[in-house]
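What the sequence shown shows, in the working numbering, is residues 732 to 1076, in sequence order.
All C-beta atoms, glycine included, are put in the ideal place defined by N, C-alpha and C.
Keep in mind the model is a prediction, meaning the values are calculated, not measured.
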Amino acid sequence: MKTLGLWFICAAAVAARAMAQKPSDRSISPLLYPDWCVAQPVSVQPGKEWQLWSFGRTGTSAMRAAAGRLRYAIEKGLAPENKRPLYAYQLARHFAELDENAAALAIFRWLAELPDSTPFSAASTGFSGLPDLRSRSRVQAARMAAREGRGDEARRWLAAEPARRLDEALGRAEIHALLNDIAGVRAQLAPLRVNDAFDALKAACIARACGLDDLARSFIKPLRDAGKLPPAIQELAKSLEANMDQGPATLRWRNGEYRGQSHGYIGPVEVSVRIAGGRIAAVEVVRQSDDRPWSAFEQLPRRIIARQSLRVDTVTGATVSSCAVWTAVDRALLNAGGADPSTTP
């Protein structure tokens, strides 16, 4: 198999035919990399490849550094042949979390179409095998396509990869939300029976973002009544339900600066939202007590501003932090005269 860096050139250069391209012998195309992604020299210990990215999804600077390490390892051919798809997937994941959607999409497209003959060792990777890696890449490609407004492509990827697990159904619901497909969100969420507090919280936020408050409540109430919500999630769930008690969304926001509060793992999360010209001009987390600098505190505000909507996807590995920021912004928008104007189905 040729060097990994080659895999991405065709995807970056000819997006429409990216999935059909074969690797070449050229080094990775700089067109694929964001300007900030500079190769960071690193050594790779066999069996400890995870050290390249283990701390990569905590904050923007740490994630960028991890992407730089992965770039260096890929370009220098430090990855064993049977681990190159793993390196590619991790690089794409970092790009995705940093909202470098086009770069992430190009890589996920390629990974989704890897032939069966591709060498791949699943040991200590988190994947059960190559089919699992391709499956997750298809869902991630759908997510990136939805962020980029490529609705037809996102739906094609989803059609090729039916949900088999609860987390997959939640991921698909998020993608339908990104596509403003309320019927698709309902179809994914309504049949679910959620017993995990974290999954219930995520499902409730997705439903609330799409104006499906009754559905959102149906995920929280059974677990609360059964005493299955951990203390931190109890407080966050109360904040979310209090927002719903304020009523449905309105179509307009008043100009000005508004505060909203919810609850994270440890303590309150407070945001400031500035509305100018009837649009979300700024979102800032002004207070939080969590002891880990999850990128949700940086990425969620950026995504909300970019989409002018609460229909955004959460940060991987930071469900509570993401939902805490989301719920606080929801409250601030309510204070501004209504919630997200896109939540009217």
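Counting along the chain, R939 sits inside the alpha helix (DSSP H) bounded by residues A928 to A940. Going by DSSP, I913 is part of the alpha helix (DSSP H) stretching over I913 to L920. A Cβ-Cβ distance of about 6 Å is found for the pair E780 and K814, placing them in contact under the 8 Å criterion. Looking at the backbone, the Cα of A873 and that of L822 are separated by about 17 Å. Taking C-beta separations shorter than 7 Å and ignoring five residues to either side along the sequence, the partners of K959 in its chain run A928, following chain order.
Pairing L763 with S1052, the inter-Cα distance amounts to about 30 Å. Cβ-Cβ distances below 8 Å link A963 to H994, G995, Y996, I997 and V1051 in the same chain, with the five nearest sequence neighbours on each side left out; the list follows chain order. DSSP, reduced to helix, strand and coil, places E844 outside both helices and strands of the structure shown, so it counts as coil. In this structure, the alpha-carbon of L971 lies about 29 Å from that of L889. Annotation: the continuous beta strand (DSSP E) that includes G987 extends over G987 to H994. Annotation for S1003: the continuous beta strand (DSSP E) segment containing it runs P999 to A1007. The straight-line gap separating the alpha-carbon atoms of A885 and D1044 is approximately 14 Å.
Counting only runs of at least 3 residues, the segment 1006-1046 fully encloses the following beta strand (DSSP E) elements, listed from N- to C-terminal order: 1010-1018. Under a 10 Å Cβ-count criterion, V925 is classified as buried, with 16 or more other Cβ atoms of the shown protein chains found around its own Cβ. With contacts defined by Cβ atoms closer than 8 Å, D1061 and L1041 form a contacting pair. By the criterion of a C-beta distance shorter than 8 Å, A876 is surrounded in its chain by L836, G882, E884, A885 and W888, once the five residues flanking it on both sides are discounted.
Inter-residue distance for D944 and K969 is about 14 Å (C-alpha atoms, whole angstroms). Contact check for L809 and V775: beta-carbon distance about 5 Å, within the 8 Å limit, so the pair qualifies.
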